[in-house]
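Before any comments, here is the structure.
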Amino acid sequence: MNELRAQLQEWRAAIERRLPSWWPRALAVALIAFGLILPQLFSVTSNFVNTEILSLTYVMFALGLNIVVGFAGLLDLGYVAFFALGSYAFGWLGSGWFYKAHVHILVHAPASTIPGIHLNFVLILICAGIFTALAGAVIGVPTLRLRGDYIAIVTLAFGEIIRVFALQGPSLKIFGMPLTGGELGISGTDAPYLPGVGMFSQLNIRPWYYTIFALVLITLFVNLRVRDSRLGRAWIALREDEVAAVSMGIPLVRTKLFAYSLGAAFGGIAGAFLAAYTTLIDAGEFQFGFSIFVLSMVILGGLGSIWGVVLGALLLANINYYLIPDVFNSLPGDLGLNFNLTDLQVSIFGFLLVIVMVLRPQGLVPERRRKLELTRGLGETELEEPGTSWAGVEPGEVVQ
Amino acid sequence: MEARSLPTRTASSGGKRALLAIRRAAGRWGLVALLLAFPIYFGAHDLITGYPGYAHGHGTRVHDLTYLGTNFVQGISNGAIWALIAIGYTLVYGIIELINFAHGDVFMIGSMTGVSLWSAIGLGLATSTLGLVVGLPLALLVCMLVCGALNVLIERVGYRPLRGAPRLAPLITAVGFSFILQNVGLLWRGGSTVGVSDLIRENKSVVQISGVVVHRADVLSIGVTIPLVILLGWFVSRTRQGKAMRATAQDPEAARLMGINVDWTISLTFLIGGALAGAAGLVYALYETTIWYLQGFEAGLIAFTAAVMGGIGNLRGAVLGGLIIGGIQQTIDARVGPQWTPFFVFGLLIIVLVLRPQGLLGEETREAG
């Protein structure tokens with residue numbers, strides 16, 4: 019087993035040596051081109067494209083959470099709060115929910131003719147981002163003095179509190195109007211309108227796909243830039259050793275709150291997009307399970323590793339929304355067994371998490387820096403020669 | 005420049021010191037005041053405004069503390085169940101610093117095993133008291149064994165291989181096991197709440213102390229919890245294995261050097277935690293007379309909150325936290341409405357952690373400081 023692993027490692031190093039230096043960029047261009055062409059290969063209402071829209075939304079959620087958990091090392095179990103707040107931002111600003119108000123900014127008919135607050139789709143996304151960033155900072159404040167799993171519990175508690183407010187919204191009045199739709203949800207949201215594209219609809223889901231694709235690209239760009247910025251390095255320093263980082267002059271409060279805010283903003287924008295796409299903001303969706311689902315994507319992909327998180331999110335979302343319910347659902351029936359795969363969906367998902375974690379606890383594509391820590395930090399006295407790859411050295415082998 | 009900035013700096017640090025003193029006082033007494041605020045407010049409300057007393061006919065209002073007493077009794081008995089589950093969280097967290105997400109679902113499996121077991125050995129509404137006295141302890145024992153074994157198995161398969169791995173990796177396997185167990189529960193008992201036979205007639209009154217009725221369910225849950233907690237306390241503080249557990253919790257490496265079998269000690273911890281969750285499962289089924297495949301999720305959140313509130317890693321803290329959460333839950337359920345209970349429970353949790361991160365009885369640990 020170890021020989022095989024060493025052999026694979028050698029091959030991988032050999033391949034990496036021979037590739038030209040521009041290959042990561044070429045790969046990125048190829049992937050973007052693939053992403054752009056993909057929906058053209060399927061019909062305009064294809065179920066597969068629908069799944070990919072959801073998957074890309076989850077990529078955005080996971081990238082946002084990765085900033086908090088992966089970069090800054092603050093375990094957040096209440097990420098659903100930002101999904102909820104972003105969704106409600108869309109519901110409040112892009113539907114007739116607040117029927118007593120008459121606000122119309124840059125909207126097209128029919129939204130411009132009905133009462134309520136109606137903002138342009140892009141404006142709503144920006145507002146949702148700002149709103150959730152503020153909420154992220156507010157949720158972050160009580161956790162500043164805490165560390166580790168205590169942060170997890172406080173964020174979890176905030177997630178549950180926001181869920182209670184979402185569910186009880188109909189009985190909470192603001193200017194005589196209910197705050198949320200509770201389990202019935204806020205429906206009748208405005209269809210986004212973009213010049214050049216026209217009105218988005220469920221009859222042609224390609225514009226939705228391209229919108230979320232663009233949003234994911236922006237998120238990726240911001241993530242990559244921020245990770246290598248002063249702020250990103252400050253997050254990583256705080257994650258590794260808070261006391262040392264603070265004594266080196268890193269402003270603790272500001273750095274942590276930025277992590278919460280930025281992570282929350284991406285979650286909020288993705289939430290607003292999802293609300294627009296599903297046209298319903300239902301409080302029943304905002305469950306703890308969502309936070310866990312997104313966290314699984316981040317950890318499965320590799321904490322702090324941007325490409326790993328993208329991969330993890332695409333994999334888990336596709337397995338959950340496409341492979342199990344649509345592709346393999348009838349498999350047991352075809353084999354002569356008397357059940358559907360969807361009955362076992364939750365446990366298949368659970369098994370996958372367990373197996374992948376036991377076999378590869380560092381995630382599918384571990385972050386380079388973390389990989390170094392794992393192999394070097396724990397009891398390894400001899401350092402390898404610089405230049406030889408650390409790749410593929412399993413932490414389990416080094417640590418007892 | 006230097007000379008000018010110096011006094012301001014000392015002034016601000018003086019202000020900081022005052023702030024720190026206020027915060028310390030708030031941490032020590034604010035929490036107690038906050039926890040006492042609930043009963044005092046509702047007690048005063050009952051005495052002054054009164055509450056509708058249906059026993060004396062409609063429209064009359066009663067001005068006494070019976071209602072509060074009822075909340076209190078029910079809170080203690082419900083909290084006793086949370087305490088049993090919270091101990092499992094606190095033990096596991098204390099020893100390997102893992103939030104065992106699957107624990108609530110082990111509790112759920114305990115309920116389902118218990119119900120299946122007592123129907124298998126023929127306990128029903130017609131069973132005599134003698135039959136129950138023999139049958140239920142038997143069911144309790146088997147439940148504890150099954151859940152203990154299940155918890156040990158989960159640790160062996162899901163957590164032990166990950167002991168040198170990044171800290172969050174076992175958290176995800178825990179979530180995975182939680183999903184698997186939920187699916188087992190779903191296939192076993194269906195997707196909606198199932199009523200189970202009310203073996204002990206849980207609503208029958210046992211004693212009545214100045215108007216406050218103590219039901220059989222209350223006696224049962226307290227009667228099961230107290231001996232188990234005492235037994236556990238004795239085990240952890242007096243026996244060799246308990247000492248090994250405490251040593252491992254303090255420093256696994258040093259414990260290993262001292263010749264303690266760390267793997268075995270961790271398995272034992274999971275066995276005990278699972279067994280207590282199994283006991284809680286059976287008691288819950290008798291107490292609520294309904295079971296549901298998602299009950300473990302809700303109970304897990306509440307019990308974990310209780311463990312954190314009491315000071316995670318601290319057994320007495322877990323029990324205290326369970327009882328407090330139970331009391332708050334029953335009071336809010338009865339007076340404000342069960343839909344607002346999570347708001348109060350989690351809001352209180354946040355305040356506790358802000359004022360006193362180490363919990364009510366916890367000491368400063370590596371994590372909270």
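Taken in order, these protein sequences are the chains called V and G. No gaps in the numbering here: position 161 of the first sequence is 179 in the numbering used here, and each next residue is one more. No gaps in the numbering here: position 52 of the second sequence is 56 in the numbering used here, and each next residue is one more. Using N, Cα and C, we set each Cβ at its ideal position, and we do this for glycine too. Note that the structure is a prediction, hence the values are computed from the model and not measured.
{"Item": "Cutoff 8 angstroms: Q212(G) Cβ touching any chain V Cβ", "Value": "no"}
{"Item": "Residue burial classification, P42(V) (beta-carbon count within 10 angstroms, cutoff 16)", "Value": "exposed"}
{"Item": "Option nearest E303(V) by Cα separation, candidates Y106(V), W40(V) and I55(V)", "Value": "Y106(V)"}
{"Item": "Burial state of D259(V) (16 or more Cβ within 10 Å)", "Value": "exposed"}
{"Item": "Same chain, Cβ closer than 8 angstroms to F239(G), five either side skipped, listed in chain order", "Value": "Q245, G246 and I276"}
{"Item": "Endpoints, the alpha helix (DSSP H) within which I55(V) is located", "Value": "W41 to I55"}
{"Item": "Beta carbon of L172(G) nearer than 8 angstroms to that of A283(G)", "Value": "no"}
{"Item": "Where P170(G) sits in the DSSP three-state scheme", "Value": "coil"}
{"Item": "Local conformation of S120(G) per DSSP, three classes", "Value": "helix"}
{"Item": "Closest Cα partner of A102(V) within the set G147(V), F139(V) and F116(V)", "Value": "G147(V)"}
{"Item": "Extent of the continuous alpha helix (DSSP H) to which G321(G) belongs", "Value": "L319 to R339"}
{"Item": "Endpoints, alpha helix (DSSP H) assigned at V364(V)", "Value": "Q363 to L377"}
{"Item": "Contiguous beta strand (DSSP E) assignments of at least 3 residues, all confined to the segment 254-293 of chain G", "Value": "none"}
{"Item": "Test: L51(G) CB closer than 8 angstroms to a CB of chain V", "Value": "no"}
{"Item": "Cα-Cα separation, G330(G) to L162(V)", "Value": "28 angstroms"}
{"Item": "Per DSSP, the bridge partner or partners of R65(G)", "Value": "P56(G)"}
{"Item": "C-alpha gap between G381(V) and Y71(G), whole angstroms", "Value": "54 angstroms"}
{"Item": "Inter-residue spacing [alpha-carbon to alpha-carbon] between T269(G) and T252(G)", "Value": "8 angstroms"}
{"Item": "Boundaries (first-last residue) of the beta strand (DSSP E) holding S209(G)", "Value": "S209 to I213"}
{"Item": "Proximity test, Cβ basis, 8 angstroms: Q27(V) and chain G", "Value": "no"}
{"Item": "Stretch-stretch touch, CB-based, cutoff 8 angstroms, three pairs: the segment 256-267 of chain G with the segment 76-89 of chain G", "Value": "no"}
{"Item": "Where W40(V) falls, given that 16 or more other Cβ within 10 Å makes a residue buried", "Value": "exposed"}
{"Item": "Inter-residue Cα distance where the pair is G437(V) and F89(V)", "Value": "Because chain V in this structure spans residues 19 to 418, residue 437(V) falls outside the shown range and cannot be described."}
{"Item": "Whole alpha helix (DSSP H) elements within the segment 247-273 of chain V, 4-residue minimum", "Value": "248-258 and 260-265"}
{"Item": "H107(G) versus G180(G) - alpha carbon distance", "Value": "12 angstroms"}
{"Item": "The segment 296-313 of chain G contacting the segment 96-111 of chain G, beta-carbon criterion three pairs below 8 angstroms", "Value": "yes"}
{"Item": "Three-state secondary structure assigned by DSSP to G112(V)", "Value": "strand"}
{"Item": "Cutoff 8 angstroms: P188(V) Cβ touching any chain G Cβ", "Value": "no"}
{"Item": "Contact set between R163(V) and chain G, taken where Cβ atoms lie within less than 7 angstroms", "Value": "P361"}
{"Item": "Unbroken beta strand (DSSP E) run spanning G79(G), endpoints", "Value": "First-last for G79(G): T70 to I100, but that is the alpha helix (DSSP H), not the beta strand (DSSP E)."}
{"Item": "Proximal residues of chain G, C-beta to C-beta of E178(V) below 9 angstroms", "Value": "L305, P346, F347, V349 and F350"}
{"Item": "S422(V) versus F291(V): straight-line alpha-carbon distance, rounded", "Value": "The first residue shown for chain V is 19 and the last is 418, placing residue 422(V) beyond what the model contains."}
{"Item": "N-terminal and C-terminal residue of the beta strand (DSSP E) that L137(V) is part of", "Value": "G134 to L137"}
{"Item": "Own chain partners of W115(V) with C-beta closer than 7 angstroms, once the 5 adjacent residues on each side are dropped", "Value": "G109, G134 and I204"}
{"Item": "Contact check, T63(V) vs A288(V), beta carbons under 8 angstroms", "Value": "no"}
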